[in-house]
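One structure below.
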Amino acid sequence: MIAFIIRRLLQSVIVMIAVAAVSFALFRFVGDPIYSMLGQEASISDREELRDRLGLNDPIVVQFARFLGNAAQGDFGISYRLQMPVAELILQRLPATMELALVSATLAFVTGLGLGVYTALRRRGILSNIIMTASLIGVSLPTFLIGVLLIWVFAVELRWLPSNGRGAVVQIGNWWTTGFLTTSGRLALILPAITLGLYQMTLIMRLVRAELLEVLRTDYIKFARARGLSARAVNFGHALKNTLVPVITITGLQLGSIIAFAIITETVFNWPGVGALFINSVRFVDVPVMSAYLMMIALIFVVINLIVDLLYYAVDPRLRVDRAARSH
Amino acid sequence: MTGAMTDPLLSVRDLVVEFPTRRGTLRALDRVSFDIMPGEVLGMVGESGAGKSITGASIIGLIEPPGRIAGGEIRLKGERIDNLRPEAMRKVRGRRIGMVFQDPLTSLNPLYTVAQQLIETIRTHMDVSEAEARKRAVALLDRVGIPAAARRIDDYPHHFSGGMRQRVVIALALCAEPELVIADEPTTALDVSVQSQIIEVLKDICAERGAAVMLITHDMGVIAETADRVAVLYAGRMAEIGPVREVITDALHPYTAGLMGSIPTLTQESDRLVQIPGAMPRLHAIPPGCAFNPRCEKAFAPCRETRPELMDRGNGREVACWLYDTVATGGMRNA
Ligand SMILES: Nc1ncnc2c1ncn2[C@@H]1O[C@H](COP(=O)(O)OP(=O)(O)O)[C@@H](O)[C@H]1O
Ligand code: SF4
Ligand SMILES: [Mg+2]
Chain S
3 MIAFIIRRLL QSVIVMIAVA AVSFALFRFV GDPIYSMLGQ EASISDREEL RDRLGLNDPI
63 VVQFARFLGN AAQGDFGISY RLQMPVAELI LQRLPATMEL ALVSATLAFV TGLGLGVYTA
123 LRRRGILSNI IMTASLIGVS LPTFLIGVLL IWVFAVELRW LPSNGRGAVV QIGNWWTTGF
183 LTTSGRLALI LPAITLGLYQ MTLIMRLVRA ELLEVLRTDY IKFARARGLS ARAVNFGHAL
243 KNTLVPVITI TGLQLGSIIA FAIITETVFN WPGVGALFIN SVRFVDVPVM SAYLMMIALI
303 FVVINLIVDL LYYAVDPRLR VDRAARSH
Chain D
7 MTGAMTDPLL SVRDLVVEFP TRRGTLRALD RVSFDIMPGE VLGMVGESGA GKSITGASII
67 GLIEPPGRIA GGEIRLKGER IDNLRPEAMR KVRGRRIGMV FQDPLTSLNP LYTVAQQLIE
127 TIRTHMDVSE AEARKRAVAL LDRVGIPAAA RRIDDYPHHF SGGMRQRVVI ALALCAEPEL
187 VIADEPTTAL DVSVQSQIIE VLKDICAERG AAVMLITHDM GVIAETADRV AVLYAGRMAE
247 IGPVREVITD ALHPYTAGLM GSIPTLTQES DRLVQIPGAM PRLHAIPPGC AFNPRCEKAF
307 APCRETRPEL MDRGNGREVA CWLYDTVATG GMRNA
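Here it is as structure tokens:
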């Protein structure tokens, strides 16, 4: 178990270094940082001095090592556009994105699982067919279109829900602002969370359904039925647990995509999160922000992957033995 | 022993099972009838696709939709079980009729320990405490031949070999003390070296508990050693049924005779049962008259027109073949 965790941690570090290399290349070679910082009017000697001060004349390996060291301490430099430390900028906006992603992911997972189980167990039911057809539409509509449709119906026509921003937020500690504690904050979350989570929900639902149908055909389910276990024990105790392994994997990866896809939703709903920050930084070629965002997303994926692997391990006893056997 | 005096434990009468398909309705079982006496071992043989598994599935009420029982009746101790409501039938499964499937590697849920699966099954059917259920489970595992049962019971299925897993499966099928155990090719998926041990364990433990067994198998050798009576199924119909010794030494049905002719080669290769030329017809192409007539050397006129019904030949023997119908054979002689 320990060996397994250490191995996975090492793999994660390697992945992060690879992403850092890409980030660094972006930082170092896209546009000229000196140019971006000093503007066009600066003299050549000013430029050289800054170049020296920033260490841009050092060997590339030394520069990369420094970049890594700084990144590991959360230092991604100064935003060209906003003249603030990038880390601070991201931290400011991270709570908005995280809360949105959390609500979306929970929504996607809970309803996806519920509907997936329902449509698998009531395979021939009318409602199941309606849900399956609707889910096809959900999968094929682009996110921004869903967002715009929701805004049109619930914000513009019905005027039930806000479509712009986070509502009122409450400061918690130094770094966190939350929308969960105010009514306007909670209402503001609804439409963006649905928009962001809908695709993932339909994906999870279809996956759960397919996996569950597959498991329901297995011999051990037939045998469980032949032993007279109740339908509930068979469907939920025996079958559902066996669908969890693949579902955990995909769901974990989906959570990563939810954060990555937040870019579109945040833009549509004018949501003050990191996705919107990233879009603006692209527009202004604000390279430090772009490279920091890239590394943040990579870190999130790596951490989620790690958690997924550990969950696997908790659910499936066969993995535990294989590892133990191999380590002997 | 007491023979005809006792009432049958299980009685299947004119059982018809159909599968609606796009190309019409398939009859997987066509008026199958047989009895199983309390405590006896009934062997059931037939080529792959003859309907053996479907027979087992109908008895335990687990035919997969859209398949359905379209006729006949199944009685357990005189009470009909083919039309029970789902919840009532669930209480029959495991508790009164146990089932052992073919492949022990896939029969056990990989995510639960053997103890969890046994205890769950016992407590589903019997009002006992967790500790009591565990005690019974350990005793049963010990009885089916799992070494160090008290310790091994907390292992997961993948810790056991194929033969050991089939012992666990047998323990699971028997843990709620059913009166009848249906074993559907319980050794086909196993290594040849452990097959006879598994059959022996199954037979002995059922004998101890007075449970009857319906033993489905390809292996005539196993039937000869294990069964009290044997039923021969062909294309979803009963060809012959009778005491195992008589059927083996003096088969009445030409198909059975062909099967028995192939016993010696069976000890090695138990998969190909039949040396009779030709193949069993597919369900949508069963010929009129006797289903066996295109392959039968002894076929004569009535065989191609009318299906022969099971006829009582005395001494507990029954056969479905026109050769034993005095009117039909008389007609042939006259012709
Ligand atoms: N789900 C199904 N749909 C259609 N036909 C089926 C289905 N299951 C079984 N059958 C048919 O029923 C017949 C008997 O099958 P089975 O009882 O499994 O044979 P076996 O004697 O080999 O156990 C076969 O011809 C098979 O094609
Ligand atoms: S009924 Fe006719 S075809 Fe069928 S087994 Fe008897 S003799 Fe052969
Ligand atoms: Mg079969």
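Protein sequences appear in the order of chains S and D.
Numbered by the working numbering, the letters in the first sequence go through residues 3 to 330 in order.
Numbered by the working numbering, the letters in the second sequence go through residues 7 to 341 in order.
Note that the Cβ used here is the ideal one computed from N, Cα and C, for glycine as well.
query: Helix, strand or coil at threonine 220 (chain S) according to DSSP, with G and I counted as helix; result: coil
query: N-terminal and C-terminal residue of the beta strand (DSSP E) that threonine 180 (chain S) is part of; result: 178–180
query: Closer than 9 angstroms to chain D by CB, asparagine 244 (chain S); result: yes
query: Phenylalanine 25 (chain D) Cβ short of 8 angstroms to ligand 1 heavy atom set; result: yes
query: Straight-line Cα distance separating proline 184 (chain D) from glutamine 122 (chain D); result: 20 angstroms
query: Inter-residue Cα distance where the pair is glutamate 191 (chain D) and glycine 168 (chain D); result: 14 angstroms
query: Cysteine 302 (chain D) Cβ short of 8 angstroms to ligand 2 heavy atom set; result: yes
query: Per-residue contacts from leucine 231 (chain S) into chain D (C-beta, under 9 angstroms); result: Arg96, Arg99, Gly100, Glu126, Thr127, Thr130
query: Rounded separation between valine 64 (chain S) and threonine 184 (chain S) - CA only; result: 49 angstroms
query: Exposed unless 16 or more other CB atoms sit within 10 angstroms - verdict on glycine 114 (chain S); result: buried
query: Residue-chain proximity (alanine 122 (chain S), chain D), Cβ-Cβ < 9 angstroms; result: no
query: Ranges of the alpha helix (DSSP H) found wholly within the region 37–78 of chain D, counting only runs of at least 4; result: 58–66
query: Check: leucine 215 (chain S) C-beta below 8 angstroms from any heavy atom of ligand 1; result: no
query: Beta-carbon proximity check, threonine 251 (chain S) vs tyrosine 314 (chain S), cutoff 9 angstroms; result: yes
query: Arginine 288 (chain D) beta carbon near ligand 1 (any heavy atom closer than 8 angstroms); result: yes
query: Chain D contacts from the region 307–320 of chain S (Cβ-Cβ distance under 8 angstroms); result: Val317, Asp318, Pro319, Arg320
query: Close beta carbons around aspartate 318 (chain D), own chain, < 6 angstroms, minus the five adjacent residues each side; result: Glu324
query: In DSSP terms, what methionine 105 (chain D) is bridged to; result: D:Ile188
query: Selection of the region 23–43 of chain S by Cβ proximity to chain D, strictly under 9 angstroms; result: none
query: Length of the line joining the Cα atoms of glutamine 256 (chain S) and proline 164 (chain S); result: 26 angstroms
query: Lysine 83 (chain D) Cβ short of 8 angstroms to ligand 3 heavy atom set; result: no
query: beta-carbon isoleucine 60 (chain D) near ligand 1 non-hydrogen atom, thresh 8 angstroms; result: yes
query: 4 or more residues per run - each alpha helix (DSSP H) lying fully within the region 18–91 of chain S; result: 35–40, 46–55, 62–74
query: Alpha-carbon spacing of glutamate 213 (chain S) relative to arginine 95 (chain S), whole angstroms; result: 37 angstroms
query: Strand pairing of aspartate 33 (chain D), partner residues [DSSP]; result: The question names aspartate, but residue 33 (chain D) in the sequence shown is arginine. The partner list for arginine 33 (chain D) (beta bridge, DSSP) reads D:Glu24.
query: Contact set between threonine 220 (chain S) and chain D, taken where Cβ atoms lie within less than 7 angstroms; result: Thr112
query: Through-space distance from aspartate 331 (chain D) to proline 116 (chain D), alpha-carbon basis; result: 54 angstroms
query: CB contact check: glycine 127 (chain S) to chain D, cutoff 9 angstroms; result: no
query: Any C-beta of chain D under 9 angstroms from that of arginine 211 (chain S); result: no
query: Opposing strand residues paired with proline 314 (chain D) [DSSP bridges]; result: Note: proline 314 (chain D) sits in no beta bridge, so no partner.
query: Pairwise C-alpha distance: methionine 297 (chain S) and alanine 20 (chain S); result: 10 angstroms
query: Cβ pair count under 8 angstroms reaching 3, the region 150–164 of chain S against the region 186–200 of chain S; result: yes
query: Under 8 angstroms from the C-beta of valine 235 (chain S): neighbouring residues of chain D; result: Residue identity differs from the one stated: residue 235 (chain S) is alanine in this sequence, not valine. In chain order: Glu126, Thr130.
query: Check whether glycine 67 (chain D) and valine 98 (chain D) have beta carbons under 9 angstroms apart; result: yes
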